[in-house]
Every structure is written in C-alpha cells, then in structure tokens.
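Residue numbering for the sequence shown follows UniProt numbering, beginning at 1 and increasing consecutively. Heads up, the thing below is written out as structure tokens.
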Amino acid sequence: MATTMRTLRLRSLVNVRCYSTPTTSTNLLKKFYITTPIFYVNAAPHIGHLYSMLIADTRNRWEKLAPGRDGFMLTGTDEHGLKIQATAKSQGMEPKELVDKVSQNFAVLAEKLDIRYDRFIRTTDTDHVDVVKYFWNLMMEKGFIYTDTHGGWYSVSDETFYPETQIEEIEKNGQLVKVSTETRNEVVYQEETNYFFKLSQFQDQLVEFLESHPDFIKPSHRYRFILNELKNNKLADLSISRPSSRLEWSIEVPDDPSQKIYVWFDALLNYLTATGYPRALNNELWPATHIIGKDIIRFHCIYWPIFLMAAGVELPTQVIVHSHWLCDGFKMSKSLGNVVDPIEISEYYGVDPVRFFLVENSSIEDDCKFNSDLLQRSRDGLLGKYCNLMSRMGAKSFNIEESVEYYSTGKFDNIDDVLRDTTGSNATVVIDGARALISDLNNLHSKMDEHFKHFQYNKAIQEWWSVINQANAFFQSAEPWKYNELIKNASSGAAKEKYQTIKNYVTYLCADTERICSILIQPVMPVLTKKILDRLQVVDRTSAACKIGAEVGYGKDANSKKHGVPLEKIEPRPGSQ
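Quick look at the structure:
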C-alpha cells in the first residue's frame, strides 16, 4: 500500500492517470491472426521476403506484448507451378526434392533474423492439399466452376493470364515483346481448355464491399487503385486449371487427371489451412490480416475476397500492401547487381540493428531506400543514444538499484523543492525536463500502439526516439555526475542527502526510461532489449508495466563491472555504399 501511495504522489506531479491492466474478456482472447505471403521457392530469399516477414513478426510480437492480447503469425512457401517444374528439370531432380531443399532457405532466413512465426506452412503439406481439394469440390457443388476453351496473354513468371487491357508492347533487347503493365513480366499468347471460376459473378458484390470498407486495403492509394479497376473494367472469369500435359507439378483437379489446379487458387487457400478449415473455421484465428507486396495485390484484393465470398467465408480483416526496397534508386535485381542478402548483412551489422533499420525506415506508402551508409548510421544511433544511456547510468559512479529504492521509499516526493533549494538557476530546466520526460514516458505506449495498429512503424519508432533523445538531453542538462564531488565534500549530512537525492532522481528517471523504452522496442529488437532488461533485472516486460514507477525493486548489480557494452561499435562495412 505504501508503494502504491508513493507511486500516486510522483504521478500527481504531472497529473497522469494510474495505469491498470486490461481485464480479460472473450474478445481479448481472440488471437490477432497475421500472415505473410507464402514465398515462391524458385529463387533465393532477399530483403523483400525479410521485410514481409518482419512487418508481420513485429506486429505479432507487439500484440503479444499486452496482457490479455495474443497473436498468431503464419508464413511459409508456395511450392507448386511451372517455374518450379522447369527449375527442377534443369537441375536434374524431382520437383518435390527441389522444394524440400529450397523451402528450407526461407525457414533459415526466419531463424537467422529471429522471426518468431507460429506456423511455417508449405503448399505441399498434406492438410493444405486436402483443403485445396475440398475447396475445389465446394466451388463445383455451388456451380461456380465450368470448363471452356480460351486464348489469352500468359505470363510464365507470374503464372497467370492477363486481359488485353493489361498488356503493352515494349522494346527489349532490340525486339518488340508484350509485357504485363502490372508486373512488367513478358507474356505470350496461349490457347487451351481449362476450368474457369465465375469471378465476374461477384464483381458488383466486391465493389459494394470495398465501398463500405474503405480500410480493407491499406494504404489508401492501393485501395483506390483496386476499386477504380473494378468499377471501370469488366472482370473476366478466371482460368483456375492448366493441362497436365503442360503442368505436371501441381495438385490434380479432383476427378480429372487431365488438369492441374492453378497455382494461385492453391496458394491463397493456405491462409485458411492454418485455421483448421473447414472443420474449425471462425475459431480464435480467422479472419486474418494479410501482409503482401504490391506486385501481388490483384490476387489478394480481387481473387481472394471473391473466392471467400463464393464459399460463404468471412473476408479478411485487412490487406496491408507494402512497397519495395530500392537500392541505389532501383528495384533490386540480379542483372543490376544490387540485390541485398539479408543474412549476409545481419551477420556483419547484427540481427537487431538490421531489424531496427528496416522497421525504422518502413513505409507502406512508398518504396523504401536501402544503402549500407544508412544502415550504419541507424546502428550508430542505437549505440550512441539508446545503448549509451544505459552505459552512462550503469557506470560505477551511479547506483540504479539505490535510485529505484529512493523512488519506492518516497524520497522523491518533494523533489521539486529539493531542486529549487540546491540547483539554483538550473532548477527550472531540470524540473521542466523531468515533468516532460515523465509525461511522455507515460504516454509512449499508447502513441506507439496507435501507430503499430495502423502499420505506421516508422512513426512508432519516431515516438520512441523522441523519448530516448529527451532522456539523453535531460541527463546532460541535469549533470548528475557533478554531485559525486558535492557529496564527497558536503558540509553536513543534510546537504549530502540532498545531493544524493538529486543524483538518484536523475538516475532513476533515466533508468525507468531505459526500462520502459526497452520493453516497448522488444518486438523490433528482441535480443538487444533482453540484454538491457536482464541487466536491469526487470521482471514485468509487458506493456502493462510501461508507466513511470510501474515496477520497483529492479536494478540490483546493474552497475557491476561484469556487464559489457550492449552493442559493440563496428567500422563501416568494406565496400559499402
């Protein structure tokens, strides 16, 4: 009770409300279900794959940070299709042998970059194959699938047909070729007999849904693009199978061995497979929030919602469409030699600094810029501001444990009077700085939460940096180190106690800044924050503890010489740009 009253007294200095842990309810028990695209295994993982994973992982971890809230993250690999069939043939192996080998590259990427998924799904998984066959039969029973012979512009790279309105002719290597206006991949004209899905039957229904759910697709310009596309162009029915004579490596159409199921009809269903569909749909997972790249927006924002409408399944909560990472102003490609290997850069700069850099510079609105100089600068900022604040307080001339004890025993209750009596003209600067820091710390979680919920990760990090910078400025202006000499030469016990109280007050506010900021940045930097929270011996590492004074009793041995620096300084990477 005494500690609670002291907490209230200190908080009353800045007129902040007490923080209470959310009560558990049925709604809070429902998991936040977030998915990445399942990655096509015909190429090595690159920074774009990591970015999709990291957006989902950070949001999933953020959800799990709060008591009473939980999350579930799905990622995995897309393993069927013509490209994989061709690649396997060129390498003299069976497609299954190839996908078993290559899919592990994405699992390794997740492991190396500390991506904590709840399921890694593969489209060759037995339960997924069963779901695809079930869904196909359901669509047949409902009368949404028919056969027809047609001709159209087919992209092998995208494994899809494009309508004439999305084709243009360009010059490539001195020759005129047809390409998709959306993906810029080459297309060829093909005629064949396939099964078709009645996509056009749901066009008006999807338009109506989108108009009544303007936040279904984010950012807003992607939403407007899809809505305008649907309102201005007639939606053609979708070819959802390929002849087995051409496509061998895919799921066979039920009761028709002459046809294989179109890779996107197969792949999109993975989001349902992970929920236990069809047995357990609408359990604690579904509906999902999908994270996708802008190059697959049509599949996720037109085809997928219509498939679900046809099946009578609730539509996803939201589709977050992120942009690309550019290197030297260009989309990364092998031909340009500007592909960034995420594992390679993490081995040099460290996993957490790479994760932090990508989140700090994340913008789903626009393409993001990568170069090694920016990454180095971001890492140096972490070292010089966030980590250095811990190192300064952790010096042998300070005592974090004692400062926390001073707080818990009420020795800061009249701190403004002590500052005015002791620090003279600097008192106002210190008092105002402390009040502002306390207020901003107590509001930091709510501000970051609002940004993270809307996938405005860069804005969340800006709020975090604002408080870190504020604490460093406060520490510098309060000059706690000067009290070491004043304590040593104090003329009386009362004077000595005043100096000690001021020194511990500054130490405490900066220590609690480090505690709160470390808790809140855990979803982005899980390893580095663990080092600092372990050093401080913080027990409650949930968002419920992100208020000044929410935890007392920490800090034992935090100033011991046994602790090394949380992040080592490194030189710029040789040959970096």
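Glycine included, every Cβ here is placed at the ideal spot set by N, Cα and C.
Q. DSSP on Leu74, reduced to helix/strand/coil?
A. In this structure, DSSP gives Leu74 an extended state, which the three-state scheme calls strand.
**Q.** Simplified DSSP assignment, three categories, for Val177
**A.** strand
Q) How would you write the range of the alpha helix (DSSP H) that His451 sits in, first residue to last? A) 427-453
Q. Which of the three DSSP states, helix, strand or coil, is assigned to residue 580?
A. Residue 580 cannot be examined here, being either before or after the span of the chain that is shown, 1 to 577.
Q.
With the cut-off set at 8 angstroms, would you say Ile306 and Phe202 are in Cβ contact?
A. Between Ile306 and Phe202, the C-beta spacing is below 8 angstroms.
Q) Helix, strand or coil: how does DSSP classify Arg122 here? A) strand
Q) Run through DSSP, which three-state label would Trp465 get? A) Looking at Trp465 - three-state DSSP - the assignment turns out to be helix.
Q.
On the DSSP letters alone, give me the boundaries of the beta strand (DSSP E) that Gly151 sits inside.
A. 145-155
(Q) Going by DSSP in three states, Leu567 sits in which element: helix, strand or coil? (A) coil
Q) By the 10 Å Cβ neighbour count, where 16 or more other Cβ atoms means buried, how is Tyr33 classified, buried or exposed? A) buried
Q | Buried versus exposed, by CB contacts within 10 Å (16 or more), Tyr554 | A | buried
Q) For the beta strand (DSSP E) that contains Val319, what are its first and last residues? A) 318-322
Q: Answer yes or no: do Asn228 and Ser363 have a C-beta to C-beta separation smaller than 8 angstroms?
A: No, they are not a contact pair.
Q. If we ignore side chains and look at the alpha-carbon of each, how far apart do Asp70 and Cys387 end up?
A. 29 angstroms
Q | In chain order, each alpha helix (DSSP H) run of at least 4 residues that lies wholly inside the stretch 202-272 | A | 203-212, 220-232, 263-268, all fully within the stretch 202-272.
Q: Could you tell me which residues DSSP pairs with Val188 in its beta bridges?
A: Tyr154
Q | Contact set for Leu238: own chain, Cβ-Cβ below 6 angstroms, skip 5 residues either direction | A | Phe197, Leu199
Q: Put Glu551 into one of helix, strand or coil per three-state DSSP.
A: coil
(Q) Whether or not the stretch 387-396 and the stretch 505-515 are in contact is what I'm after, with contact meaning three or more pairs of Cβ atoms, one per stretch, closer than 8 angstroms; do they touch? (A) With the cut-off at 8 angstroms, the stretch 505-515 and the stretch 387-396 touch.
Q) Comparing alpha-carbon positions, which option in Val565, Asn185, Gln476 lies nearest Trp153? A) Of the listed residues, the one whose Cα sits closest to Trp153 is Asn185.
Q. Alpha carbon to alpha carbon, what distance is there between Glu171 and Ser90?
A. 28 angstroms
Q. Should Arg420 be labelled buried (16 or more other beta-carbon atoms within 10 Å of its own) or exposed?
A. exposed
(Q) Relative to the C-alpha of Val340, which candidate in Val404, Asp432, Pro45, Val429 has its C-alpha closest? (A) Pro45
Q) On the three-pair Cβ rule with 8 angstroms, is the stretch 514-530 touching the stretch 363-373? A) With a cut-off of 8 angstroms, the stretch 363-373 and the stretch 514-530 do not count as touching, because too few Cβ pairs lie within range.
Q: Take the Cβ of residue 587 as the centre, count every other Cβ of all protein chains shown within 10 Å, and call the residue buried at 16 or more, exposed below.
A: Past the boundaries of the shown model lies residue 587; the chain is included only from 1 to 577, so the question cannot be answered.
Q) Out of Trp264, Thr273, Trp286, Ala310, which has the shortest C-alpha to C-alpha gap to Ile297? A) Trp264
(Q) I need the straight-line Cα distance from Arg6 to Lys411, nearest angstrom please. (A) With a pLDDT of only 37 at Arg6, under 50, the local geometry of the prediction cannot be trusted, and the value read off the model is given with reservation. Cα to Cα, the separation comes out at about 9 angstroms.
Q | Cutoff 6 angstroms; reference Arg535; Cβ partners in own chain excluding five residues on either side | A | Ala558, His563
**Q.** Through-space distance from Val99 to residue 583, alpha-carbon basis
**A.** The first residue shown for the chain is 1 and the last is 577, placing residue 583 beyond what the model contains.
Q. Does DSSP put Phe161 in a helix, in a strand, or in coil?
A. strand
Q. Going by other Cβ atoms of all chains shown within 10 Å of its Cβ, with 16 needed for buried, is Gly174 buried or exposed?
A. exposed
Q: State yes or no: is the beta carbon of Ala110 nearer than 8 angstroms to at least one beta carbon in chain D?
A: Looking at the structure shown, chain D is missing, and only one protein chain is on hand.
**Q.** His445 to Phe356 span [Cα, whole Å]
**A.** 18 angstroms
Q. Which two residues bound the contiguous beta strand (DSSP E) that contains Ala288?
A. 288-293
Q.
Can you give me the C-alpha to C-alpha distance between residue 578 and Thr77, rounded to a whole angstrom?
A. Any answer about residue 578 is impossible in this case: the structure gives the chain only from 1 up to 577.
Q.
Whole angstroms are fine: how far does the CA of Leu285 sit from the CA of Thr275?
A. Taking C-alpha positions only, Thr275 is separated from Leu285 by approximately 6 angstroms.
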